[in-house]
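*Asks:* For the sequence shown, our numbering begins at 492 and goes up steadily by one. Sharing a structure below in structure tokens format, with a few things to ask.
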Amino acid sequence: MVYETSDQRLQVPRVLESAEAKADVRQPRAKLVSPPSPHANGTYGERVKARKELLLALPGPDDRLARVNADTETRLDAPGAGLPPFELFIARIFSAIRRNAGSRDSFNAEFARERKEIQRLVKACDRDLLGKRVLIARARGMEDSSRHWSVLMTLDHLRIVHGSMSRIIGELTNGRQPAGTASTANVKPSPDVTLEVIEAYEASCDALLATVATAPDLKTKLRFAHPWFGGLDAKGWHALAAGHLGIHRVQIQRIIPGLK
492 MVYETSDQRL QVPRVLESAE AKADVRQPRA KLVSPPSPHA NGTYGERVKA
542 RKELLLALPG PDDRLARVNA DTETRLDAPG AGLPPFELFI ARIFSAIRRN
592 AGSRDSFNAE FARERKEIQR LVKACDRDLL GKRVLIARAR GMEDSSRHWS
642 VLMTLDHLRI VHGSMSRIIG ELTNGRQPAG TASTANVKPS PDVTLEVIEA
692 YEASCDALLA TVATAPDLKT KLRFAHPWFG GLDAKGWHAL AAGHLGIHRV
742 QIQRIIPGLK
């Protein structure tokens, strides 16, 4: 989650084809029950199992898509599984180089470029399709569990991460050790997110930039640990924010072809 990625041709695993084939078998009608949120109680495996059982029982014309989504969700790695070992090794090296070579201005400029491109991509999409989940080939710097999101889910994830980063940078630059522990599993989006998240995402971008702007010095003595990159000062978290936005810009670019 620390470096820009280049676009690659979309490659959808054959497992999706088999899931769609299986989904053609019509299931008995059942009473419609709202599936539980992925943030409900229980382990990740228990939540996925419960959600799948309810989705597979959904009646009506949308049950085929629901079954495909449920089947795909159970085949991905659990949130927080991290990156492949060699990719993580390279990412840590590249992250350190970026942090040392970059500055507040350069990271702000990178953040602004990625934000503008995401705005363009979202604006060009049919708003009725922004909530459609699409299985994509994993981009570098992205966990396997993040491969089956919608555009709105991606924006919701960015909103959550920006809020956390704003808090961390604000605490570090004010000489306070941030509470808690950073975890990639705790910043996953809700599949039920609505169009309202677009405005909330933009507000989170503004809040992050405002926090950085008011910081007298981002090279803080205090550090806060990232689960992949270890202890980072405020400058390190600022650098991470810009690179992270770029990774999910690529994700949105890969989702869009699947919306048609």
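Cβ coordinates follow ideal geometry from the N, Cα and C atoms, glycine included.
1) Please name the residue in Thr675, Val652 and Lys726 whose C-alpha comes closest to that of Ala694.
2) Assuming Phe720 is part of the beta strand (DSSP E), what are its boundary residues?
3) Where DSSP assigns a beta bridge to Trp728, which residues make up the other side?
4) What is the DSSP secondary structure of Val755, reduced to helix, strand or coil?
5) Checking 9 Å against the spacing of the C-beta atoms, do Leu579 and Gly571 come in under that value?
6) For Asp697, count neighbouring C-beta atoms within 10 Å of its own C-beta (all shown protein chains included) and say buried if the count is 16 or more, exposed if not.
7) Leaving out the 5 sequence neighbours to the left and right, which residues in its chain are closer than 8 Å to Leu433 when beta-carbon positions are compared?
8) Would you report the Cα separation of Leu612 and Pro576, rounded to the nearest angstrom?
9) If you follow the alpha helix (DSSP H) that Ala600 is in, where does it begin and where does it stop?
10) Can you find the residues in the same chain that come closer than 6 Å, C-beta to C-beta, to Lys679, ignoring five residues on each side of it along the sequence?
11) Using the beta-carbon count (16 or more within 10 Å), is Ala706 buried or exposed?
*Replies:* Looking at the coordinates:
1) Out of Thr675, Val652 and Lys726, Val652 has the C-alpha closest to the C-alpha of Ala694.
2) From DSSP, Phe720 is part of no beta strand (DSSP E); its letter is neither H nor E.
3) Trp728 pairs with nothing; no bridge assigned.
4) Look at the range of the chain in this structure, 492 to 751, and you will see that residue 755 is not part of it.
5) no
6) exposed
7) Residue 433 lies beyond the residue range present for the chain, which begins at 492 and ends at 751; the question has no answer from this structure.
8) A straight line joining the alpha-carbon of Leu612 with that of Pro576 spans about 32 Å.
9) Arg595 to Ala615
10) Pro570
11) buried
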